[in-house]
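Engineer: I am attaching a structure below and will ask some questions about it afterwards.
Number of protein chains: 2
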Amino acid sequence: VQTENLTLMTDFYQLTMMQGYYQNNLADKKAVFDLFCRVNPMGGGYMICAGIEQAVRYIENLRVSEQDAEYLRSLGVFDPNFLNELKNIRFTGEIYAIPEGSVMFAAEPVLRVKARLIEAQFVETALLNIINHQSLIATKAARVCYAAGQDAVLEFGLRRAQGPDAGIYGARAAIIGGCNATSNCLAGRMFGAAIKGTHGHSWVMAFDDEYTAFKAYADSFKDSLTLLADTYDTLKSGVPNAIKIFKEKREKDELPEHYGIRLDSGDLAYLSKKARKMLDDAGFENATITASGDLDEYLIQTLKLQGAKIDIWGVGTNLITSLDCPSLGGVYKLSAIETSDGDFRPKLKLSDNPDKITTPGVKKIYRFYDKETGKIKADLISLEDETFREDRDLTIFDPKATWRKMPLKANTYTIRDLLEPVILNGKTVFKPKTLSELREYCRAELDSLWDEYKRLINPHILPVDLSLKLFNLKEKLMNA
Amino acid sequence: VQTENLTLMTDFYQLTMMQGYYQNNLADKKAVFDLFCRVNPMGGGYMICAGIEQAVRYIENLRVSEQDAEYLRSLGVFDPNFLNELKNIRFTGEIYAIPEGSVMFAAEPVLRVKARLIEAQFVETALLNIINHQSLIATKAARVCYAAGQDAVLEFGLRRAQGPDAGIYGARAAIIGGCNATSNCLAGRMFGAAIKGTHGHSWVMAFDDEYTAFKAYADSFKDSLTLLADTYDTLKSGVPNAIKIFKEKREKDELPEHYGIRLDSGDLAYLSKKARKMLDDAGFENATITASGDLDEYLIQTLKLQGAKIDIWGVGTNLITSLDCPSLGGVYKLSAIETSDGDFRPKLKLSDNPDKITTPGVKKIYRFYDKETGKIKADLISLEDETFREDRDLTIFDPKATWRKMPLKANTYTIRDLLEPVILNGKTVFKPKTLSELREYCRAELDSLWDEYKRLINPHILPVDLSLKLFNLKEKLMNA
């Protein structure tokens, strides 16, 4: 939980490089870095941007404390002049970001940082950590919620998260990505997230028998009643005992509006169908069935295909850790550096692996929507000084296969400039949104993608093209 | 970073259950919970215990603030009397733990919590979160270091960790598990972890050419010099430029004791062998080759088998997120509850899945070592009141296959009582160790395991047996 200042949460080599820049009179040169992912994670077709608010707060709080400086001094590798400089460093540059909750794609800069080289280098590691984590979990949550369709999804992963922050900020990201609520009370308090939960196995075990435990629970909570049915035997004991309680409550006209059972083990398709029939036969058609236990988007999709009668999905470990892809491969690469005459010289990192070659220059992202459907047609990365007009014909092309062209007819599309300023001249211009606003925004963003791009496996890939000017610049530098 | 109080970092259902216990006069009943894993992770044969110190600190700080209580009140589901009770809750019970850095196995209680039911329930989620995370990463690190043999392993994962805590406490756990150092400066400051790092690609790109960048770096850092060789072309540019710098420094007698190159992309076996030859041919046999880039225990083992000439392994994403197994499945289960006459009644949770049936009673873990070799022969879980003597013959047996017996001959073995008190009557008796003490202790612990148990894939499984008395108790309750 980030009330401690995270300024020192950086890789050691950032500090050695910073000292080197300082000693080589490069510290004040302005530099531009892009934070981006090289591939969409989980074999999917998109990502959800998350963590922008925490990234901004981190930047605002960037400040080497006396204690930090003392620690660095004790390492014996830093020059006292540099350490003095370090104590005075604040972030004075600018950051543009893709708005939190947006759909985004590989190769697009989520953050574009322009600052003194020494500052831009300082913030690399923490920005990557924050954006990689939250965007990963928001993306996973969007996939899980896509699989669940209209059903509610609850985030239950705190106990298996990779430490406190992973649980807390993971819950935040999961709700941005579409989850209805979390079990994590601290995320509730910190972000206003909706929180949910009823009781666990220990409740049932703390009483002499299951019926007594259910009855005590029902008597304690009048507004909402979900009984965990699998402590002893789901169909022989748990569901019948739950039905007994529901009947007693119905007789006294005390059955709450929201009531039902939760299944946490066994075969969820089989058990939910059997339990549904038992509940319906007893006249409890409104009772909900919540399921939990090793769920993820793939299992939810399969269970639904098999006709599982599950209304609410409690998703824990596999969401909060993003089991099949536990990291987003975000990188932070230099794309331009100030020249002695104050211009920016575009920079490119070569690699034997073509996917690892960076795209040079100070860049923007334009998103093209079909005017009629409102769906995204393509994204285009351009240089900062390029503009495009909706009333002109435009043909864009795939930079990896230049014969793959997409013609855009004048007045059939709309254009959106995706990067927004969040920090200018070191001052925050970012306007935070509430978590429920972010969730609503994200839902609308996902609606702007055709289903084909949201398929869990082997989706259609949205074109992320380069403008002709940027393509030519990259070609020139690659062949230089 | 846990300076904020984590008391509210709990699943909502813990609070509803607590209110239920309070209203049903069960809150003050003493209960015993075991925190344990059902399987060893990553297909391996053991785990490393980590996170005990943070778990103890969390317990010490357990305290519902006015702000927390106000938030809970705002939810409208809690009774004011319960909220008053909650504000006064402190942890007054006892916790026994496996010492941090120990080798441990599935089914063994890492923590045994005995406390008022309301307190024991309160701390479940956070204890699981902390122990699951750090033990996972310590275990992964032990595997990576096992694969690396005598070579140094550096933890480089901060930028891909699942949030700040995952990076910070993950670095701590990685060092307990055997890593030599981390790149994470905050982990250095907080825990005294050794920190390492030199420069990245952006350093090279900030200069007009690679040679100039290397030279500037070498001039800035006199004590240690590792040059990143893959920004443009490893064998045609990076290694020759590094050799040029090393020669210049050697001529001036300024070559530091620790110097070398780092490879971060391309085929590490091929490139390291070629680079080694180039360095050796130039007379730099002492130059080290550090490798990084998507490494894990499996890749390290394969690269070594193929004769890669790598001296130092920088392991990032796949260690800090435990790629192939990003969570430890630790659970927290009620094993006994106080009766009206003050005794403890053992409790058992049944399940259709035999591996999910819990082991009842207040338990201890005894570890049996071979007297001659000092290696672990077996662990035995017994009831708390059972003792064993080293001068007696003893036969233990596998509870899942009772015909599999292990005879232990008197005076050929030593016995260790593995669980140690960390909190008694709400007071901390835990004695923290430094990170380097924990790392040394863990190394000795790993030495007490034969190699067969440490094989990365399909290892031999160490017996974790139940005492006859405990076995009979479990059988009785299962058939009750």
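Residue numbers (our numbering), protein chains in the order written: chain A, 1 to 480; chain B, 481 to 960. Ideal Cβ placement from N, Cα and C applies to all residues, glycine included.
Going by Cα to Cα distance, which pick from A/Ile381, A/Glu452, A/Thr402 and A/Ile461 is closest to A/Asp34?
Structural biologist: Translated into positions along the first sequence, residue 34 of chain A becomes position 34. For A/Asp34, the nearest C-alpha among the options comes from A/Ile381.
Engineer: Which same chain residues, not among the five before or five after B/Ser772, have their C-beta less than 7 Å away from its C-beta?
Structural biologist: As a working note, residue 772 of chain B is residue 292 in the second sequence. So the list reads Phe636, Arg742, Asp744, Gly794 and Gly796, once near-sequence residues are dropped.
Engineer: Anything in chain B within Cβ reach of A/Leu235, meaning under 9 Å, just list it in chain order.
Structural biologist: Working through the first sequence from its first residue, we reach residue 235 of chain A at position 235. Neighbours of A/Leu235 on chain B: none; closest Cβ ~10 Å, over 9 Å.
Engineer: In this structure, how does DSSP classify A/Met478 when only helix, strand and coil are distinguished?
Structural biologist: Here the question's residue 478 of chain A lines up with position 478 in the first sequence. If DSSP states are grouped into helix, strand and coil, A/Met478 belongs with the helices.
Engineer: A/Leu313 CB to nearest chain B CB: under 8 Å?
Structural biologist: In the first sequence, residue 313 of chain A corresponds to position 313, counting from 1. This sequence places Trp at residue 313 of chain A; Leu is not what is there. So no, A/Trp313 is outside the interface.
Engineer: Ignore the nearest five residues each way along the sequence and tell me which others in A/His460's own chain have a CB closer than 6 Å to its CB.
Structural biologist: The residue you call residue 460 of chain A lines up with position 460 of the first sequence. Same-chain partners within the cutoff: Glu452 and Tyr453.
Engineer: Fully enclosed by the stretch 867-930 of chain B, which beta strand (DSSP E) runs are 3 residues long or longer?
Structural biologist: Entirely contained in the stretch 867-930 of chain B, the beta strand (DSSP E) runs reaching 3 residues are, in chain order, 874-878, 881-888, 893-897 and 900-904.
Engineer: Show which residues of chain B have a CB atom less than 7 Å away from the CB atom of A/Thr10.
Structural biologist: The sequence position of residue 10 of chain A within the first sequence is 10, counting from 1. Simply Cys665.
Engineer: Give me the Cβ distance between A/Val32 and A/Val113, rounded to the nearest whole Å; I'm assuming they're in contact under 8 Å.
Structural biologist: Counted from its first residue, the first sequence places residue 32 of chain A at position 32. Counted from its first residue, the first sequence places residue 113 of chain A at position 113. With 8 Å as the limit, A/Val32 and A/Val113 qualify as a contact, their Cβ atoms being about 7 Å apart.
Engineer: Less than 8 Å between CB atoms is the rule here; does B/Gln482 satisfy it with respect to chain A?
Structural biologist: Here residue 482 of chain B refers to the residue found at position 2 when the second sequence is read from its first residue. Reliability of the predicted coordinates at B/Gln482 is poor, the pLDDT of 48 falling under 50, and no value is obtained from them.
Engineer: Taking the DSSP output, what are the residues bridged to B/Arg847?
Structural biologist: Counting from one through the second sequence, the residue named residue 847 of chain B turns up at place 367. In the DSSP output, where bridge partners are listed per residue, B/Arg847 has B/Asp859 and B/Arg896.
Engineer: Taking Cβ to Cβ, would you say A/Asp324 is nearer than 8 Å to A/Met42?
Structural biologist: If you number the first sequence from 1, residue 324 of chain A lands on position 324. If you number the first sequence from 1, residue 42 of chain A lands on position 42. Yes, the pair counts as a contact, with Cβ atoms nearer than the cut-off.
Engineer: Taking A/Gly167 as the query, report the chain B residues whose CB atoms sit under 8 Å from its CB, ordered along the chain.
Structural biologist: On the first sequence, residue 167 of chain A is found 167 positions in, with the first residue counted as 1. Those within 8 Å of A/Gly167 in chain B are Met489 and Asn609.
Engineer: Taking the continuous beta strand (DSSP E) assigned at A/Gly260, which residues delimit it?
Structural biologist: Here residue 260 of chain A is taken as the residue at index 260 of the first sequence, counted from 1. Its beta strand (DSSP E) spans residues His258 to Leu263.
Engineer: How far does the alpha helix (DSSP H) with B/Pro560 in it reach, from first residue to last?
Structural biologist: Looking up residue 560 of chain B in the second sequence gives position 80. Counting along the chain, the alpha helix (DSSP H) containing B/Pro560 begins and ends at Pro560 to Asn568.
Engineer: Quick one: what does DSSP say B/Ala646 is sitting in, helix, strand or coil?
Structural biologist: Translated into positions along the second sequence, residue 646 of chain B becomes position 166. In this structure, B/Ala646 counts as helix in the three-state DSSP scheme.
Engineer: List the endpoints of the continuous alpha helix (DSSP H) containing A/Val39.
Structural biologist: Your numbering for residue 39 of chain A matches position 39 in the first sequence. Element bounds for A/Val39: n/a, residue is neither H nor E.
Engineer: Could you check what DSSP says for A/Leu117 in three-state terms: helix, strand or coil?
Structural biologist: Mapped onto the first sequence, residue 117 of chain A falls at position 117. Helix, per DSSP.
Engineer: Are at least three pairs of beta-carbons, each pair with one atom in the stretch 637-655 of chain B and one in the stretch 543-560 of chain B, less than 8 Å apart?
Structural biologist: The stretch 637-655 of chain B, when compared against the stretch 543-560 of chain B, does not touch it at the 8 Å Cβ threshold.
Engineer: I'd like the list of long-range same chain contacts for A/Gln2, defined as Cβ closer than 8 Å, with 5 residues on each side in sequence excluded.
Structural biologist: Here residue 2 of chain A refers to the residue found at position 2 of the first sequence. Confidence at A/Gln2 is low in this model, with a pLDDT of 48, below 50, so the placement of that residue is unreliable and no value is reported for it.
Engineer: Put B/Leu634 into one of helix, strand or coil per three-state DSSP.
Structural biologist: Your numbering for residue 634 of chain B matches position 154 in the second sequence. In the structure shown, B/Leu634 sits in a strand (DSSP, three-state: E or B).
Engineer: Looking at chain A, which residues of the stretch 497-529 of chain B have a Cβ within less than 8 Å of any of its Cβ atoms?
Structural biologist: Those residues of the stretch 497-529 of chain B that come within reach of chain A (Cβ to Cβ, closer than 8 Å) are Met497, Gln499, Gly500, Tyr501, Gln503, Asn504, Leu506, Lys509, Ala511 and Phe513.
Engineer: Nearest to B/Lys813 by CA position, among A/Lys427, A/Ser202, A/Ile176 and A/Gln162, is which residue?
Structural biologist: Taking the first residue of the second sequence as 1, we reach residue 813 of chain B at position 333. The candidate whose alpha carbon is nearest that of B/Lys813 is A/Ser202.
Engineer: Kindly indicate which residue of A/Lys427, A/Ser135 and A/Tyr270 has the alpha-carbon position closest to the one of A/Gln306.
Structural biologist: Stepping through the first sequence from its first residue, residue 306 of chain A is reached at position 306. The option with the nearest alpha carbon to A/Gln306 is A/Tyr270.
Engineer: Relative to the ligand ATP, is the shortest distance from any of its heavy atoms to the C-beta of A/Leu462 smaller than 7 Å?
Structural biologist: Among the ligands in the structure shown, none appear at all, so the ligand ATP cannot be discussed.
Engineer: May I have the straight-line CA-CA distance separating B/Ile723 from A/Glu386, to the nearest angstrom?
Structural biologist: Numbered from 1 along the second sequence, position 243 holds the residue referred to as residue 723 of chain B. Numbered from 1 along the first sequence, position 386 holds the residue referred to as residue 386 of chain A. Their backbone Cα atoms lie some 43 Å apart in a straight line.
Engineer: Is the beta carbon of B/Glu777 closer than 8 Å to that of B/Arg623?
Structural biologist: Residue numbering aside, residue 623 of chain B sits at position 143 when the second sequence is read from its first letter. Residue numbering aside, residue 777 of chain B sits at position 297 when the second sequence is read from its first letter. Their beta carbons are under 8 Å apart, which means B/Arg623 touches B/Glu777 by this criterion.
Engineer: How many Å lie between B/Phe726 and A/Ala480 at the Cα?
Structural biologist: Along the second sequence, read from residue 1 onward, the residue named residue 726 of chain B stands at position 246. Along the first sequence, read from residue 1 onward, the residue named residue 480 of chain A stands at position 480. Rounded to the nearest angstrom, the two C-alpha atoms are 27 Å apart.
Engineer: What residues from chain A crowd round B/Lys676, counting only those whose CB sits closer than 9 Å?
Structural biologist: As a working note, residue 676 of chain B is residue 196 in the second sequence. In chain order: Phe12 and Tyr13.
Engineer: If we ignore side chains and look at the alpha-carbon of each, how far apart do A/Leu62 and A/Cys49 end up?
Structural biologist: Here residue 62 of chain A corresponds to residue number 62 of the first sequence, with the count starting at 1. Here residue 49 of chain A corresponds to residue number 49 of the first sequence, with the count starting at 1. Taking the straight line from one Cα to the other gives about 22 Å.
Engineer: Report yes or no: is there a C-beta of chain B within less than 8 Å of the C-beta of A/Met205?
Structural biologist: Your numbering for residue 205 of chain A matches position 205 in the first sequence. Yes, A/Met205 counts as interfacial toward chain B.
Engineer: In or out: B/Ala621 buried (at least 16 other Cβ within 10 Å) or exposed?
Structural biologist: Taking the first residue of the second sequence as 1, we reach residue 621 of chain B at position 141. Buried.
Engineer: Kindly list the residues whose CB is nearer than 8 Å to the CB of B/Leu942, restricted to its own chain and excluding five residues on each side of it in sequence; keep chain order.
Structural biologist: Residue 942 of chain B sits at position 462 when you count from the first residue of the second sequence. Excluding positions up to five away in sequence, the list reads Gly525, Tyr526, Phe585, Ile856, Ala858, Asp859, Leu929 and Tyr933.
Engineer: With B/Arg919 and B/Ile656 assumed to form a contact (beta carbons below 8 Å), what rounded beta-carbon distance in angstroms separates them?
Structural biologist: As a position in the second sequence, residue 919 of chain B is number 439, starting the count at 1. As a position in the second sequence, residue 656 of chain B is number 176, starting the count at 1. The pair is a contact, with the Cβ atoms about 6 Å apart (cut-off 8 Å).
Engineer: Any Cβ of chain A within less than 8 Å of the Cβ of B/Phe701?
Structural biologist: Stepping through the second sequence from its first residue, residue 701 of chain B is reached at position 221. Interface residue, yes.
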